[in-house]
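**Student:** Okay, here's the structure, questions in a sec.
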Amino acid sequence: MLISSRILSIRIGDWPVYAFFLAFSQVISINSYQIVLLTGETNQTPLKLYIVAATYLVTSALWWIMVRFTKSVYALSLPWAFFGLAFLLLGLSPYMSPWQSRAAMQDAATALYAAGASAGALSFALNFGDEGGAPTKQWITRALAVSGVAQVYSLMLWYWGSLSHTAETSPMAFINGTSIPKALVVCVPVAIILWSIGLILFFGLPDYYRQAPDNIPGFYISLVRRKLVPVFFIMIIIQNYWLSAPYGRNWQFLFASQFIPGWGVVLLALGFFVVLWAIILYVFSFFSESHTWLLPIFAIGLCAPRWAQMLWGTSSMGMYLPWAGGPVGSAILSRCLWLWLGLLDNIQGVGLGMMLLATLTRQHVLAVLIGAQIVGSAFTMLARATSPNALSPNTTFPDFSQGLMPGVSSYWFWICLGFQLVIPILFFKFFRKEQVSKP
Numbered sequence: 001m002l003i004s005s006r007i008l009s010i011r012i013g014d015w016p017v018y019a020f021f022l023a024f025s026q027v028i029s030i031n032s033y034q035i036v037l038l039t040g041e042t043n044q045t046p047l048k049l050y051i052v053a054a055t056y057l058v059t060s061a062l063w064w065i066m067v068r069f070t071k072s073v074y075a076l077s078l079p080w081a082f083f084g085l086a087f088l089l090l091g092l093s094p095y096m097s098p099w100q101s102r103a104a105m106q107d108a109a110t111a112l113y114a115a116g117a118s119a120g121a122l123s124f125a126l127n128f129g130d131e132g133g134a135p136t137k138q139w140i141t142r143a144l145a146v147s148g149v150a151q152v153y154s155l156m157l158w159y160w161g162s163l164s165h166t167a168e169t170s171p172m173a174f175i176n177g178t179s180i181p182k183a184l185v186v187c188v189p190v191a192i193i194l195w196s197i198g199l200i201l202f203f204g205l206p207d208y209y210r211q212a213p214d215n216i217p218g219f220y221i222s223l224v225r226r227k228l229v230p231v232f233f234i235m236i237i238i239q240n241y242w243l244s245a246p247y248g249r250n251w252q253f254l255f256a257s258q259f260i261p262g263w264g265v266v267l268l269a270l271g272f273f274v275v276l277w278a279i280i281l282y283v284f285s286f287f288s289e290s291h292t293w294l295l296p297i298f299a300i301g302l303c304a305p306r307w308a309q310m311l312w313g314t315s316s317m318g319m320y321l322p323w324a325g326g327p328v329g330s331a332i333l334s335r336c337l338w339l340w341l342g343l344l345d346n347i348q349g350v351g352l353g354m355m356l357l358a359t360l361t362r363q364h365v366l367a368v369l370i371g372a373q374i375v376g377s378a379f380t381m382l383a384r385a386t387s388p389n390a391l392s393p394n395t396t397f398p399d400f401s402q403g404l405m406p407g408v409s410s411y412w413f414w415i416c417l418g419f420q421l422v423i424p425i426l427f428f429k430f431f432r433k434e435q436v437s438k439p
């Protein structure tokens, strides 16, 4: 065994070293658009959305073909080349002139980042591959830990994007008195680090990842027969069509108050995403040792936390709470509710993922996740073109602060809510039938 393989196989707790790198891949793949936030932008034009979604769709299919016909070490190490190249182009873009060329290079960086991020499903499904099997408690602990780090990563990027960047303070600006852009100083070292991680994984992943892929008879037929699989795709279709368009507007709400400084919002969010999340991780990992069904069933019982968070964040309901004791108290309480709903949404995401792990093999889980990425990308583009809330979230998320009737009388509000409630009902019905470890 190579020295690099031995090093990556060293265990820290119950995590081998290579698992940290694959988990990091999951974290930076959580949203393929987030590299744009590094430029100081928070608004996503339709063109950029189509670039990201189309790239994500095509490369998801290509990663699946690669992992089905070649050793998985290639598909797990190659995405880092795309990540590194994306940051390199981002760092070099300030040198481009005129601004149209600079924007085109940043769009290319976004597309390359999306190509790498579309391999995130591989990092999830194939992580810890050299283990013969792990208790449900370990899988829940790992999934919650990675999800918690991903939340903090998203928070920091949106905080950076929310800062007021002038021509002098923009990440694309040049350092005072030099011809060196700030982006170059930051992005080139990051690109080198990302390329290094790819090389480390390529030469150091254990033998499990260097085996020829298994030939599973009736692979796709067995997927179709599992009723949870079409339910999972129904969820992806519903959420991407109805909730993808207001995504950026929803995050912008967190930093939209003039009464709380940005760093104050970050500290508040860290209280939820680190402290409270750690408590949740401990509770679920403790009780899941004897009740493996707990997290999935709890996730189903949450119903539609993402919809509720978007209603609060995009409908203007949370902009001012007159009973909160003033504008500062209003802003803090409103963001606490937003963060709490976001926390519940992440718990639900982990719980639904645990359903797949409890009822499907590793290869089947990977197929479902890749398929979900393809379907989700297609419906994200469709939503941007045809969704009722494509131009304004108030179509499906009316402002109830103006009174009860304007919201209640909106039929798009009820249609959107009805679709969201279909998801937990279907999951509850079919998870109980296909559950491997019954309570």
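Here UniProt numbering is used: position 392 in the sequence shown is 392, and no number is missing along the way.
Built from N, CA and C at the ideal position, the CB exists for glycine as well.
H291 lies in the alpha helix (DSSP H); which residues open and close that run?
**Tutor:** No alpha helix (DSSP H) contains H291, which DSSP labels as neither H nor E.
**Student:** Using CA atoms only, rank isn't needed, just tell me which of S93, A114, Y113 is closest to A104.
**Tutor:** Residue S93 is the option with its Cα nearest to A104.
**Student:** From Y159 to F272, what does the alpha carbon distance come to, in whole angstroms?
**Tutor:** Taking the straight line joining both Cα atoms gives about 16 Å.
**Student:** Pick from L337, A299, W340: whose alpha carbon is nearest that of L356?
**Tutor:** Comparing Cα-Cα distances from L356 to each of L337, A299, W340, the minimum goes to A299.
**Student:** Note down, in chain order, each residue of its chain lying with its Cβ closer than 6 Å to the Cβ of W251, except the 5 sequence neighbours on either side.
**Tutor:** The residues are W158.
**Student:** Using the DSSP secondary-structure output, state which residues sit across from R11 in a beta bridge.
**Tutor:** Partner(s): P16.
**Student:** Would you check if the region 418-427 and the region 303-313 touch, i.e. whether three or more CB-CB distances between them fall below 8 Å?
**Tutor:** Taking 8 Å as the limit for Cβ pairs, the verdict is that the region 418-427 does touch the region 303-313.
**Student:** Report all residues from its chain with a CB closer than 6 Å to the CB of I10; omit the five preceding and five following residues, and keep chain order.
**Tutor:** Closer than 6 Å at the Cβ level, and outside the excluded window around I10, lie V17.
**Student:** F232 and T140 - do their beta-carbons sit closer together than 8 Å?
**Tutor:** A quick correction: the sequence has Ile, not Thr, at residue 140. The answer is no: Cβ separation not under 8 Å.
**Student:** If we ignore side chains and look at the alpha-carbon of each, how far apart do L112 and S97 end up?
**Tutor:** One C-alpha to the other measures close to 21 Å.
**Student:** How many Å lie between V190 and S25 at the Cα?
**Tutor:** About 14 Å.
**Student:** Should L321 be listed as close to the ligand GTP, given that the test is whether its C-beta is under 7 Å from any heavy atom?
**Tutor:** For the ligand GTP, the structure offers nothing, since it holds no ligand at all.
**Student:** If you draw a straight line from the alpha carbon of V67 to that of A121, how long is it in whole angstroms?
**Tutor:** Cα to Cα, the separation comes out at about 11 Å.
**Student:** Given a threshold of 16 other Cβ atoms within 10 Å of its Cβ, counted over all protein chains shown, does A278 qualify as buried or as exposed?
**Tutor:** The residue is exposed, with fewer than 16 neighbouring Cβ atoms inside 10 Å.
**Student:** Could you tell me which of Y56, A358, I238 sits nearest to A115, measuring between CA atoms?
**Tutor:** Looking at the Cα atoms, Y56 is the closest of the given residues.
**Student:** If you draw a straight line from the alpha carbon of L62 to that of P327, how long is it in whole angstroms?
**Tutor:** Distance between the alpha carbons of L62 and P327: 51 Å.
**Student:** What does the Cβ neighbour count give for Q151, buried or exposed, with the cut at 16 atoms within 10 Å?
**Tutor:** So Q151 counts as buried.
**Student:** Mapping DSSP to helix, strand and coil, what is F124?
**Tutor:** Helix.
**Student:** Just confirm the distance between the C-beta atoms of F431 and Y241, as a whole number of angstroms; I'd bet it's less than 8 Å.
**Tutor:** About 23 Å; that fails the 8 Å criterion.
**Student:** Could you check if T178 is buried or exposed, using at least 16 other CB atoms within 10 Å of its CB as the buried criterion?
**Tutor:** So T178 ends up on the exposed side.
**Student:** Ends of the alpha helix (DSSP H) at residue 440?
**Tutor:** Residue numbering for the chain in the displayed model covers 1 to 439; residue 440 lies beyond these limits and cannot be assessed.
**Student:** Tell me which same chain residues have a C-beta within less than 7 Å of the C-beta of Q309, skipping the five on either side of it?
**Tutor:** So the qualifying residues of the chain are N250, W338, L341, G342, D345.
**Student:** At what residues does the alpha helix (DSSP H) containing V408 begin and finish?
**Tutor:** From DSSP, the alpha helix (DSSP H) with V408 extends over 404-408.
**Student:** Measuring only the C-alpha atoms, how far is P406 from G148?
**Tutor:** Computed Cα separation, rounded: 37 Å.
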